[in-house]
Amino acid sequence: MIPYGRQSISEADIAAVEAVLRSDFLTQGSAVPAFERRFSEMVGAAHAVAVNSATSALHIACLALGLGQGDTLWTSPNTFVASANCALYCGADVDFVDIDPGTLNMSPVALAEKLKRAESTGRLPKIVVPVHFAGEPCDMAAIHLLAQKYGFRIIEDASHAVGGRIGNEAVGSGRYSDVTIFSFHPVKIITTAEGGLALTNRQDLAERMAHLRSHGITRAPDLMCEAPDGPWYYEQIALGFNYRMTDLQAALGASQLGRLEAFIEARHRLAARYDALLVGAPVARPYRAPANHSALHLYPIRVASARRKEVFEYLRGQEIGVNVHYIPVHLQPYYRALGFRQGDFPEAERYYAEAISLPLFPALSEADQDKVVRELTAALETA
Ligand SMILES: *Cc1c(COP(=O)(O)O)cnc(C)c1O
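In terms of the numbering used here, the sequence shown is residues -7 to 375.
Dropping the structure here:
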């Protein structure tokens, strides 16, 4: 089976993990801060907090921004469930903003309209979570302007967008948001097996997230309520979790970061090849804004909805691991039980009915890619 995504592990990656295995600290050693420093310097953000998943990063980012009962978080329905679940973890409500059918990202126009309505009913969101779907950056300048007008906070879900750029600025620089979170799951751009990271330029948010990652405990005297009664002293100042990344993971992450540029280049080369090979095929190819640099996590095409299932099953039958991103979050049974319904976010639903993600990962061979296009073309002709 040609998978839709796959990690790329080098001998240097293995050596980096092995070195940690032979060292004194498998966790809470020096590899995590080293990875955080390297990541934040690469992107140009002041603070990085590495955690055990992007889901955890979303959770502690919401808590650090004060999200709680009575508050609302808005995100895109065209995302993985974690982008919305983080609000429910905090006891807050979730709502969605429909996507732009061209970019497949949260529509700034739909957001502006929904904010206007929410203002009149006094139900403005506290946090908006734009998701850089497939690695293609959202229109952050527009969303940022709306944040200034309506006073909400922004967490960028950049799980797909490690190495992406908005104009000349790296995704995560914090120009347009309070926090940016990344995922290092093996299908994503770089991997730490499981893992995630939050970037911010605000020291207070970085400190809060660092506490929440590790039981709400601090060893910094200036943050303590009492004077330390000895060198062993620490204080729990918040109700935190164990969301720590291990040093094994961080060493892998740092080694993978050194390969990031090559990964993104390979994804662009392969995507351009798909673009060229699919000219004339009855499919819509994914949008890429000329001014931005997508990280190209996915290559999602749209086919006629009446044929999508047949085409998908045919390709799977040919050992091609196509996938669908995403079942709109509001249509998940858990969210339907909260009151969401079919028809609430029609653009996300229409896209879902037509979506197929073709295999895309740095080591995808041109021969395998040719097979994908050949079989896709055959499926579209016979379906
Ligand atoms: C993968 C993903 C997540 C969750 O990442 P984990 O590291 O697996 O927790 C969140 N949001 C989006 C958009 C994702 O693709």
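Think of the CB as a built atom: it goes at the ideal place given N, C-alpha and C, for glycine as much as any other residue.
Just so we're clear, the structure is a prediction, and the values are computed from it rather than from any experiment.
Discussion item. Per DSSP, what are the beta-bridge partners of residue 162 in this structure?
Written reply: Locating residue 162 in the sequence shown gives position 170, where the first residue counts as 1. Answer by DSSP bridge pairing, in chain order: 157.
Worksheet item: Does the beta carbon of residue 238 fall short of 7 Å from some heavy atom of ligand 1?
Response: Along the sequence shown, read from residue 1 onward, the residue named residue 238 stands at position 246. Because no heavy atom of ligand 1 lies under 7 Å away, the Cβ of residue 238 does not count as near it: no.
Discussion item. In chain order, what are the residue ranges of uninterrupted alpha helix (DSSP H) at least 4 long that sit wholly in the stretch 29 to 117?
Written reply: 46 to 56, 74 to 81 and 100 to 113
Fill in: Same chain, Cβ closer than 8 Å to residue 217, five either side skipped, listed in chain order
The count along the sequence shown starts at 1 and reaches residue 217 at position 225. Around residue 217: 227 and 229.
Fill in: Rounded C-alpha distance that separates residue 104 from residue 115
For the purposes of this step, residue 104 is taken as the residue at position 112 of the sequence shown. For the purposes of this step, residue 115 is taken as the residue at position 123 of the sequence shown. The straight-line gap from Cα to Cα measures roughly 14 Å.
Worksheet item: Quick one: is the Cβ of residue 5 within less than 7 Å of any heavy atom of ligand 1?
Response: On the sequence shown, residue 5 is found 13 positions in, with the first residue counted as 1. Residue 5 Cβ: outside cutoff for every heavy atom of ligand 1.
Practice prompt. Helix, strand or coil for residue 8, going by three-state DSSP, please let me know.
Written response: The sequence position of residue 8 within the sequence shown is 16, counting from 1. Residue 8: helix per DSSP, three-state reduction.
Worksheet item: Skipping 5 residues on each side, what residues in its chain have a beta carbon closer than 6 Å to that of residue 39?
Response: Taking the first residue of the sequence shown as 1, we reach residue 39 at position 47. Once the five neighbours on either side are set aside, the close Cβ partners of residue 39 are 192 and 198.
Discussion item. Quick check: what's the CA-CA separation for residue 56 versus residue 357?
Written reply: Position 64 of the sequence shown, counted from the start, is the residue given in the question as residue 56. Position 365 of the sequence shown, counted from the start, is the residue given in the question as residue 357. Rounded to whole angstroms, residue 56 to residue 357 spans 43 Å at the Cα level.
Worksheet item: Hey, quick one: how far does the beta strand (DSSP E) through residue 291 stretch, first residue to last?
Response: For the purposes of this step, residue 291 is identified with residue 299 of the sequence shown, where counting begins at 1. From DSSP, the beta strand (DSSP E) with residue 291 extends over 291 to 294.
Item to complete: Give every residue of the same chain whose Cβ lies closer than 8 Å to the Cβ of residue 265, excluding the five residues on either side of it in the sequence, and list them in chain order.
Response: For the purposes of this step, residue 265 is taken as residue 273 along the sequence shown, with counting starting at 1. 358 and 361.
Worksheet item: Any idea what DSSP makes of residue 131, helix, strand or coil?
Response: The sequence position of residue 131 within the sequence shown is 139, counting from 1. Residue 131: coil per DSSP, three-state reduction.
Practice prompt. Taking all protein chains shown into account, decide if residue 29 is buried (16 or more other Cβ within 10 angstroms of its Cβ) or exposed.
Written response: To locate residue 29, count along the sequence shown from 1; it is residue 37. Exposed: under 16 other Cβ atoms inside 10 Å.
Discussion item. Within a Cβ cutoff of 7 Å, which residues of the same chain sit near residue 157, ignoring the five residues on either side of it in sequence?
Written reply: Here the question's residue 157 lines up with position 165 in the sequence shown. Contacts found: 163, 284 and 285.
Fill in: Residues of its chain near residue -5, where Cβ-Cβ distance is below 6 Å and the 5 sequence neighbours each way are ignored
As a working note, residue -5 is residue 3 in the sequence shown. For residue -5, where only same-chain residues beyond five positions count, the Cβ hits under 6 Å are 313.
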